[in-house]
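K.L.:
Numbering (our numbering), first residue to last: 751 to 1018. Ideal Cβ placement from N, Cα and C applies to all residues, glycine included.
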Ligand code: MLT
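#1: Would you report the Cα separation of residue 786 and residue 889, rounded to the nearest angstrom?
#2: Quick one, are the C-beta atoms of residue 906 and residue 925 less than 8 angstroms apart?
#3: Would you mind working out which of 764, 792, 777 sits nearest residue 1006, comparing C-alpha positions?
#4: Of all the options 981, 794, 882, 920, which has the alpha carbon lying nearest to the alpha carbon of residue 902?
#5: Which two residues bound the contiguous beta strand (DSSP E) that contains residue 770?
#6: Quick one, are the C-beta atoms of residue 752 and residue 775 less than 8 angstroms apart?
#7: Could you check if residue 782 is buried or exposed, using at least 16 other CB atoms within 10 Å of its CB as the buried criterion?
#8: Looking at residue 978 and ligand 1, is the gap between the Cβ and the nearest heavy atom below 7 angstroms?
#9: By how many angstroms is the C-alpha of residue 950 removed from the C-alpha of residue 980?
#10: Note the first and the last residue of the continuous alpha helix (DSSP H) segment covering residue 790.
#11: Can you pull the DSSP bridge partners for residue 761?
#12: As an exercise, report each continuous alpha helix (DSSP H) stretch of at least 4 residues that is fully enclosed by the segment 931-974, in chain order.
#13: Between which two residues does the alpha helix (DSSP H) holding residue 798 run?
#14: Taking the alpha carbon of residue 953 as the point to measure from, which residue in 880, 966, 862 has its own alpha carbon closest?
#15: Tell me which residues share the same chain as residue 933 and place their Cβ nearer than 7 angstroms to its Cβ, disregarding the 5 neighbours each side in the sequence.
#16: Going along the chain, which residues of its own chain have a beta-carbon closer than 8 angstroms to the beta-carbon of residue 1009, five neighbours each way excluded?
#17: Just to confirm my understanding: we take residue 937, look at its own chain, exclude 5 residues before and 5 after, and list those with CB closer than 7 angstroms. What are they?
#18: Could you give the distance in angstroms between the alpha-carbon of residue 962 and the alpha-carbon of residue 856?
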């Protein structure tokens, strides 16, 4: 489905009923990465997955895609769907950076936060240099080169060796992202603020999910997030890397289902 948000044409999926859970994808991906969640969780919640500006089937516009800007797109998306009640925001990796920005700017709209394969810290100087190198690579050699350089690290080594269909579909998502959007994301992530303080102030339930074998953001980042928070549930999923929701969909969905049920029951 498509919807006009802030003058942009954005694509999304909307399945199920009840408490809305907004799924925000990572870089350099799109909403199709949430297919097992949109399918599997529709019985427990209203699963919403959005292609952020420039990604998937959404309109491509020049960047930078600041995390705050992407968070505002998410809020305007909820407005466009006339969703006024607080929602659960679930972001993976860059989607987690957007989820934290969303909380910073729109806290009353958040019933709960799910932070998957993400981190609260800003980029280190080395991380910022790597963003610049990736921008140069994308400009010179295109999205396929970005996909080739990242793909083996996006999943646990075992997943990469054994699940060729999954590897192929992730490669397709990555290689299909226009250079303009790659650059938009990379500059936005490079300049994102440290969110530790945001997490320290979070007053809604938080669930942290991380793959034990994450090679992009090691699992210790999840422990640091938990330390920043006053209360958080944490689950480190074995046999999963950075794309834990695709690698271990049952484990991921069970954790989300329990968390959503807890919010519905008013538990923290
Ligand atoms: C992502 O998966 O969204 C990105 O790899 C996160 C990052 O590069 O910081």
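P.N.:
Checking against the coordinates, here is how it stands:
#1: 32 angstroms
#2: no
#3: 792
#4: 920
#5: Counting along the chain, the beta strand (DSSP E) containing residue 770 begins and ends at 770-774.
#6: no
#7: buried
#8: no
#9: 7 angstroms
#10: 785-791
#11: 752
#12: 946-950
#13: Unbroken run through residue 798 is the beta strand (DSSP E), 796-800; no alpha helix (DSSP H).
#14: 862
#15: These residues qualify, in order along the chain: 813, 885, 888.
#16: Cβ-Cβ distances below 8 angstroms link residue 1009 to 838, 862, 864, 955, 957, 983 in the same chain, with the five nearest sequence neighbours on each side left out; the list follows chain order.
#17: Result list for residue 937: 813, 814, in chain order.
#18: 31 angstroms
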